[in-house]
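In the numbering used here, the protein residues as written are 228 to 348.
This is the structure:
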């Protein structure tokens, strides 16, 4: 199976190791693996890769995971387009069944791990 992140690699050689616990080496890798996690309904991965300082972080993890799962199950993840990236940011378009999501995301390292922080306004 090709990886949902549109890298052209197989899932087992691309995002699966990160979903299984390997640390992501870059913000771009984290962003791609989070897209794949959404596409594959891996709510726990989204939760554990979100920075506690993120405005999307929720203390009630059960409720948070349920909301993520509902979004994943109601959405088809069609394609990921990377428009640009730097050390701690990624600008991308996620093509979803509900329409394109154009986002410029910021990431931050915490305890040596890349985490999603927030969207740039």
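Backbone N, C-alpha and C define an ideal beta-carbon position, used for all residues, glycine too.
Based on the DSSP secondary-structure assignment, which residues constitute the bridge partners of residue i?
i           : result
residue 341 : 336
residue 308 : 320
residue 237 : 229
Kindly indicate which residue of the options has the alpha-carbon position closest to the one of residue i.
i           : options          : result
residue 288 : 272, 328 and 249 : 272
residue 299 : 344, 263 and 228 : 263
At a threshold of 8 Å, does residue i count as lining the ligand NAP (C-beta to nearest heavy atom)?
i           : result
residue 329 : Although the ligand NAP was asked about, the structure shown includes no ligands whatsoever.
Can you find a CB in chain D that lies within less than 9 Å of the CB of residue i?
i           : result
residue 260 : Given the protein chain composition of this structure (a single chain), no chain D is represented.
State the DSSP-derived secondary structure class of residue i, mapped to helix, strand or coil.
i           : result
residue 279 : coil
| request: Would you check if there are 3 or more beta carbon pairs closer than 8 Å linking the stretch 320-338 to the stretch 237-245? | output: no
| query | Pairing CB atoms from the stretch 249-267 with CB atoms from the stretch 307-321, are three or more of them under 8 Å? | reply | yes
| request: Evaluate contact between the stretch 330-341 and the stretch 248-255, counting only Cβ atoms and requiring at least three cross-stretch pairs below 8 Å. | output: yes
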